[in-house]
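> In terms of my numbering, the sequence shown is residues 41 to 204. Ideal Cβ positions, reconstructed from N, Cα and C, are used throughout, including at glycine. Please read these numbers as outputs of a predicted model, since none were measured by experiment. If you scroll down you'll find the structure; I have some questions about it.
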Amino acid sequence: MTIFVKNKHTLQIDEFKFKCCVGKKGLSKYKKEGDKKTPKGNFQIEHLYFRKDRLEKPLTSLKCIKIEKNMGWCNDTKLPKMYNKFFKIRKKVKHEKLYRTDYKYDLMIPIKYNFKNPIIGKGSCIFIHLTKNYKPTAGCVGLIKKDFLVMLKLINKNTKIKIF
(Lines of atoms letter the chains of each structure in order from A and count residues from 1; the text may use other names and numbers.)
(Lines give C-alpha, C1' and ligand atoms only; values in the text may rest on other atoms or scores of the structure.)
Protein backbone atom coordinates (compact mmCIF):
# COMPACT_ATOMS: atom_id res chain seq x y z
CA MET A 1 0.00 0.00 0.00
CA THR A 2 1.33 3.42 -0.98
CA ILE A 3 0.07 6.92 -0.27
CA PHE A 4 0.79 9.12 -3.29
CA VAL A 5 1.12 12.87 -2.97
CA LYS A 6 0.97 13.62 -6.68
CA ASN A 7 1.07 17.40 -6.48
CA LYS A 8 0.44 20.10 -3.91
CA HIS A 9 -3.32 19.44 -3.89
CA THR A 10 -3.83 15.68 -4.33
CA LEU A 11 -3.21 12.71 -2.06
CA GLN A 12 -4.23 9.30 -3.45
CA ILE A 13 -4.54 5.82 -1.92
CA ASP A 14 -5.75 3.18 -4.37
CA GLU A 15 -8.81 4.70 -6.04
CA PHE A 16 -9.40 7.20 -3.21
CA LYS A 17 -8.36 10.77 -4.04
CA PHE A 18 -8.26 13.42 -1.33
CA LYS A 19 -7.60 17.12 -1.46
CA CYS A 20 -4.50 17.98 0.58
CA CYS A 21 -2.06 20.80 1.24
CA VAL A 22 1.74 20.79 1.42
CA GLY A 23 4.55 23.19 2.28
CA LYS A 24 4.11 26.88 1.52
CA LYS A 25 7.07 26.78 -0.89
CA GLY A 26 6.01 23.55 -2.61
CA LEU A 27 7.83 20.24 -3.02
CA SER A 28 11.60 19.81 -3.09
CA LYS A 29 14.31 17.16 -3.39
CA TYR A 30 16.58 19.49 -1.41
CA LYS A 31 14.75 20.05 1.87
CA LYS A 32 16.36 22.18 4.59
CA GLU A 33 15.25 22.92 8.14
CA GLY A 34 12.72 25.75 8.14
CA ASP A 35 12.48 26.19 4.33
CA LYS A 36 8.69 25.57 4.27
CA LYS A 37 9.11 22.87 1.59
CA THR A 38 7.71 19.33 1.62
CA PRO A 39 10.39 16.74 0.82
CA LYS A 40 10.07 14.70 -2.38
CA GLY A 41 10.80 10.98 -2.23
CA ASN A 42 9.63 7.60 -0.98
CA PHE A 43 9.31 7.28 2.78
CA GLN A 44 7.93 4.95 5.42
CA ILE A 45 5.42 6.24 7.94
CA GLU A 46 5.46 6.07 11.73
CA HIS A 47 2.67 5.42 14.23
CA LEU A 48 -0.50 7.44 14.67
CA TYR A 49 -0.32 10.07 17.42
CA PHE A 50 -3.69 11.38 18.59
CA ARG A 51 -5.34 13.61 21.20
CA LYS A 52 -7.47 11.30 23.37
CA ASP A 53 -8.93 14.33 25.17
CA ARG A 54 -10.42 15.55 21.87
CA LEU A 55 -11.42 12.37 20.03
CA GLU A 56 -11.78 8.64 20.44
CA LYS A 57 -9.07 6.30 19.24
CA PRO A 58 -9.70 6.01 15.48
CA LEU A 59 -10.20 2.79 13.58
CA THR A 60 -6.76 1.87 12.22
CA SER A 61 -4.28 -0.97 12.25
CA LEU A 62 -1.47 1.49 13.02
CA LYS A 63 -0.03 1.56 16.52
CA CYS A 64 -1.77 4.46 18.31
CA ILE A 65 0.02 6.75 20.77
CA LYS A 66 -1.89 9.22 22.96
CA ILE A 67 -0.37 12.70 22.83
CA GLU A 68 0.48 14.00 26.29
CA LYS A 69 1.38 17.55 27.33
CA ASN A 70 5.08 16.69 27.70
CA MET A 71 5.58 15.30 24.18
CA GLY A 72 7.66 16.98 21.50
CA TRP A 73 9.60 16.32 18.31
CA CYS A 74 13.16 17.68 18.36
CA ASN A 75 14.16 20.15 15.65
CA ASP A 76 17.21 21.46 17.53
CA THR A 77 20.17 21.49 15.14
CA LYS A 78 22.55 21.72 18.13
CA LEU A 79 21.51 18.28 19.42
CA PRO A 80 22.49 15.67 16.80
CA LYS A 81 21.49 12.66 18.95
CA MET A 82 17.94 13.98 19.44
CA TYR A 83 17.41 15.73 16.09
CA ASN A 84 14.20 14.69 14.29
CA LYS A 85 13.15 12.33 17.07
CA PHE A 86 10.19 12.09 19.42
CA PHE A 87 11.09 12.99 23.04
CA LYS A 88 9.73 14.14 26.38
CA ILE A 89 10.03 17.94 26.40
CA ARG A 90 12.95 19.46 28.29
CA LYS A 91 13.83 23.10 28.68
CA LYS A 92 16.41 24.56 26.31
CA VAL A 93 15.70 21.98 23.58
CA LYS A 94 14.08 23.41 20.42
CA HIS A 95 11.12 21.29 19.42
CA GLU A 96 7.75 21.00 17.80
CA LYS A 97 5.14 20.68 20.55
CA LEU A 98 2.76 17.79 19.85
CA TYR A 99 0.11 18.84 22.42
CA ARG A 100 -1.09 21.97 20.62
CA THR A 101 -3.87 24.41 21.45
CA ASP A 102 -5.13 24.20 17.86
CA TYR A 103 -6.48 21.07 16.14
CA LYS A 104 -3.62 20.30 13.70
CA TYR A 105 -2.03 17.47 15.67
CA ASP A 106 -5.24 15.96 17.02
CA LEU A 107 -4.36 13.25 14.47
CA MET A 108 -0.77 13.09 13.24
CA ILE A 109 1.54 10.57 11.55
CA PRO A 110 5.28 11.29 11.26
CA ILE A 111 6.73 10.71 7.80
CA LYS A 112 10.11 8.97 8.11
CA TYR A 113 12.00 11.66 6.21
CA ASN A 114 15.62 12.21 7.37
CA PHE A 115 14.75 9.71 10.06
CA LYS A 116 17.09 6.76 10.61
CA ASN A 117 20.45 8.59 10.71
CA PRO A 118 19.24 12.18 10.49
CA ILE A 119 21.45 14.77 8.87
CA ILE A 120 21.39 17.98 10.92
CA GLY A 121 19.68 20.82 9.08
CA LYS A 122 18.20 18.61 6.34
CA GLY A 123 14.73 18.94 7.86
CA SER A 124 12.67 17.52 10.71
CA CYS A 125 9.10 17.21 11.97
CA ILE A 126 7.53 16.22 8.65
CA PHE A 127 4.05 14.91 9.44
CA ILE A 128 0.71 14.06 7.90
CA HIS A 129 -1.62 16.16 10.06
CA LEU A 130 -4.99 17.89 10.04
CA THR A 131 -6.05 21.02 8.20
CA LYS A 132 -9.39 22.79 8.05
CA ASN A 133 -8.70 25.23 5.22
CA TYR A 134 -5.95 23.67 3.07
CA LYS A 135 -3.63 26.61 3.75
CA PRO A 136 0.00 25.71 2.99
CA THR A 137 1.99 24.07 5.80
CA ALA A 138 5.54 24.51 7.06
CA GLY A 139 6.49 21.35 5.10
CA CYS A 140 3.96 18.74 6.21
CA VAL A 141 1.03 17.18 4.36
CA GLY A 142 -2.39 18.31 5.59
CA LEU A 143 -5.76 16.56 5.25
CA ILE A 144 -9.20 17.43 6.61
CA LYS A 145 -10.37 15.23 9.49
CA LYS A 146 -12.95 13.14 7.59
CA ASP A 147 -10.37 12.27 4.89
CA PHE A 148 -7.69 11.54 7.50
CA LEU A 149 -10.07 9.09 9.20
CA VAL A 150 -10.75 7.32 5.86
CA MET A 151 -7.00 7.16 5.18
CA LEU A 152 -6.42 5.54 8.59
CA LYS A 153 -8.75 2.67 7.64
CA LEU A 154 -6.84 2.07 4.39
CA ILE A 155 -3.22 2.14 5.58
CA ASN A 156 -1.08 -0.07 7.82
CA LYS A 157 2.42 -0.14 9.33
CA ASN A 158 3.91 -1.25 6.00
CA THR A 159 2.38 1.65 4.06
CA LYS A 160 4.81 3.95 2.29
CA ILE A 161 4.30 7.53 1.16
CA LYS A 162 5.57 8.74 -2.19
CA ILE A 163 5.77 12.51 -2.61
CA PHE A 164 6.59 13.67 -6.14
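Kindly give me the distance between the Cβ atoms of K202 and F58, rounded to whole angstroms, as I take these residues to be in contact under 8 Å.
Actually they do not touch by this definition, with Cβ atoms about 15 Å apart.
> Let me make sure I understand the geometry here. Which of K144, P120, T171 has the alpha-carbon closest to that of V133?
P120
> Would you say the stretch 72-89 touches the stretch 104-116, given that touching needs at least three Cβ pairs under 8 Å?
Taking 8 Å as the limit for Cβ pairs, the verdict is that the stretch 104-116 does touch the stretch 72-89.
> Looking at Y153: is its Cβ nearer than 8 Å to the Cβ of F83?
yes
> For S68, I'd like the list of residues in its chain whose CB is within less than 8 Å of its CB, leaving aside the five on either flank, ordered along the chain.
Non-local C-beta neighbours of S68 in its own chain, meaning closer than 8 Å and more than five positions away in sequence, comprise D75, K77, T78, P79, K80, ordered along the chain.
> Less than 8 Å separating the beta-carbons of I166 and I149?
no
> Quick check: the Cα distance between S164 and Y145, rounded to an integer number of angstroms?
Taking the CA atoms as reference points, S164 sits about 16 Å from Y145.
> Assuming M191 is part of the alpha helix (DSSP H), what are its boundary residues?
That run of the alpha helix (DSSP H) goes 185-194.
> With a threshold of 8 Å on Cβ separation, who are the neighbours of K72 within its own chain once the five nearest residues in sequence on each side are excluded?
G161, K162, G163
> Alpha carbon to alpha carbon, what distance is there between F155 and T117?
14 Å
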